[in-house]
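Participant:
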Amino acid sequence: MELWFIFSILGYMIGAVAGILDKYMMNQRYYPVTTVLLRTLFNAVFLGTAGLLFLNLRISASLLLLAALPAFLLAVSFVVYLRVLQRKNTSEIQPFSQSLDVMFIFLASIVFLHEPATLPNYAGILVMVGGIYLVLVEHITTRPRLDRNLLIIAALVPIDIAYALLVKTFLGTAEPIALAVSIYLMAFLMLTVVSLFLRRQRQPTKASLKPQVRIVLVASLCAATAAAFLYTALSQANASKVYPMAGVSSVTVFLLATMFLKEKFHWHRFIGTLIVVLGIYLISL
């Protein structure tokens, strides 16, 4: 078993915990912009501290400038995703979102990065479509409905593709941890400006920032650890191999959401999630 494969599995499983905590915060009606602002800050702090202590981390002005575009894409995608998460169950949104991302990132990696693909890889796309169908339907005998929130998630796909391809390309010259920290720092700075601009427009909320910070600290620790594993995996293997491993996250999120967020368990959606994982596995072969 190759090292990048182990890093990918660990990264996506740990990242799923952060995703569940994000949903919990959205259930508490925390602001998405503030949540992403805090997440990117603490992600940078945790990764940066580890990099300084163990990896002789160095971040240059040129690397920060390079990270500006993926940081902007990350901030936009993350904020919009959390807004949708306030209205939909994570066990429905997460498999749908990751499936679309995996399919199109896989195709984009072939077209733009000229990575090789085989017949099982393309068969995996068709299998994933069947899995997505089961995840979306309310009942097994009804047709799936693409409501406004799911259409918004679909609209995020080009942003996610651009982010994934930029990260993979930049990892050709940048160290994984240094690039991740740079992206998080730039995203934090951008969101700070946006947060200050929106402060006057916000309505009062009962949610306190203090308990949110405690949750964000745990979520960021998980997210930073996941990012370290995934960026390292991407520096060792093709994007069309690493990103499809996100199916591990889909199953983990589905189970955690059922157990801890008390989301209703649907057998057909669980089976659909497993089919999505099968499709993702075929893409990764």
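Everything in the sequence shown is counted per the working numbering, starting at 2 for the first residue and increasing by one. We put the beta carbon where it would ideally sit given N, CA and C, even for glycine.
Could you pull the start and end residues of the alpha helix (DSSP H) that residue 12 belongs to?
Facilitator: Locating residue 12 in the sequence shown gives position 11, counting from the first residue. Start and end: 4–28.
Participant: Comparing alpha-carbon positions, which option in 200, 51, 238, 76 lies nearest residue 37?
Facilitator: Within the sequence shown, the letter at position 36 stands for residue 37. Minimum Cα distance to residue 37 is reached at 76.
Participant: What separation, rounded to the nearest whole angstrom, lies between the Cα atoms of residue 249 and residue 15?
Facilitator: In the sequence shown, counting from the first residue as 1, residue 249 sits at position 248. In the sequence shown, counting from the first residue as 1, residue 15 sits at position 14. C-alpha separation (whole angstroms): 10 Å.
Participant: Smallest Cα separation from residue 155: which of 269, 51, 97, 267?
Facilitator: What you label residue 155 is simply residue 154 of the sequence shown in a count that begins at 1. Among 269, 51, 97, 267, the Cα nearest to that of residue 155 belongs to 97.
Participant: Give me, in chain order, the residues of the same chain whose beta-carbon lies closer than 7 Å to that of residue 53; leave out the 5 immediate sequence neighbours on both sides.
Facilitator: Numbered from its first residue, the sequence shown carries residue 53 at position 52. Listed in chain order, the non-local C-beta contacts of residue 53 below 7 Å within the same chain number zero, local neighbours out to five positions each way being set aside.
Participant: Once you ignore the five residues that flank residue 90 on each side, which residues in its own chain have a CB closer than 6 Å to its CB?
Facilitator: Position 89 of the sequence shown, counted from the start, is the residue given in the question as residue 90. So the qualifying residues of the chain are 264.
Participant: Among 113, 129, 108, which residue has its Cα nearest to the Cα of residue 119?
Facilitator: Here the question's residue 119 lines up with position 118 in the sequence shown. Residue 108 is the option with its Cα nearest to residue 119.
Participant: Please determine, among 226, 82, 274, the residue with the shortest C-alpha to C-alpha distance to residue 27.
Facilitator: If you number the sequence shown from 1, residue 27 lands on position 26. Considering only alpha carbons, the answer is 82.
Participant: Residue 164 by DSSP, collapsed to three states: which one?
Facilitator: Translated into positions along the sequence shown, residue 164 becomes position 163. Residue state, collapsed to three classes: helix.
Participant: Between 190, 272, 32, which has its C-alpha nearest residue 68's C-alpha?
Facilitator: By one-based count along the sequence shown, residue 68 stands at place 67. Per the Cα distances, 190.
Participant: Which residue marks the beginning of the alpha helix (DSSP H) containing residue 241, and which one marks its end?
Facilitator: As a position in the sequence shown, residue 241 is number 240, starting the count at 1. Unbroken alpha helix (DSSP H) run through residue 241: 240–243.
Participant: Tell me which residues share the same chain as residue 238 and place their Cβ nearer than 6 Å to its Cβ, disregarding the 5 neighbours each side in the sequence.
Facilitator: Walking along the sequence shown from the start, residue 238 turns up at place 237. For residue 238, where only same-chain residues beyond five positions count, the Cβ hits under 6 Å are 5.
Participant: Beta carbon of residue 240, beta carbon of residue 110: below 8 Å?
Facilitator: The count along the sequence shown starts at 1 and reaches residue 240 at position 239. The count along the sequence shown starts at 1 and reaches residue 110 at position 109. Yes; because the gap between Cβ atoms is below 8 Å, this pair is in contact.
Participant: What residue range does the alpha helix (DSSP H) around residue 102 cover?
Facilitator: As a working mapping, residue 102 is identified with position 101 in the sequence shown. Looking at the DSSP string, the run of the alpha helix (DSSP H) that includes residue 102 is 91–113.
Participant: I'd like to check one pair, residue 179 with residue 22: are the Cβ atoms closer than 8 Å?
Facilitator: For the purposes of this step, residue 22 is identified with residue 21 of the sequence shown, where counting begins at 1. For the purposes of this step, residue 179 is identified with residue 178 of the sequence shown, where counting begins at 1. Taking 8 Å as the Cβ cut-off, residue 22 and residue 179 do not qualify as a contacting pair.
Participant: Taking the continuous alpha helix (DSSP H) assigned at residue 153, which residues delimit it?
Facilitator: For this step, residue 153 is matched to residue 152 along the sequence shown. Residues 149–156.
Participant: For residue 158, I'd like the list of residues in its chain whose CB is within less than 6 Å of its CB, leaving aside the five on either flank, ordered along the chain.
Facilitator: Working through the sequence shown from its first residue, we reach residue 158 at position 157. Within the same chain, residue 158 has close Cβ partners 101, 105.
Participant: Rounded to a whole number of angstroms, what is the C-alpha to C-alpha distance between residue 84 and residue 10?
Facilitator: The count along the sequence shown starts at 1 and reaches residue 84 at position 83. The count along the sequence shown starts at 1 and reaches residue 10 at position 9. One C-alpha to the other measures close to 27 Å.
Participant: Applying the criterion that 16 or more other CB atoms from any shown protein chain within 10 Å of the CB defines a buried residue, is residue 148 buried or exposed?
Facilitator: Mapped onto the sequence shown, residue 148 falls at position 147. Its Cβ having fewer than 16 others within 10 Å, residue 148 is exposed.
Participant: Buried or exposed: which applies to residue 270, given that a residue is buried once 16 or more other Cβ atoms fall within 10 Å of its Cβ?
Facilitator: As a working mapping, residue 270 is identified with position 269 in the sequence shown. In the assembly as shown, residue 270 is a buried residue. Its beta-carbon has 16 or more other beta-carbons within 10 Å.
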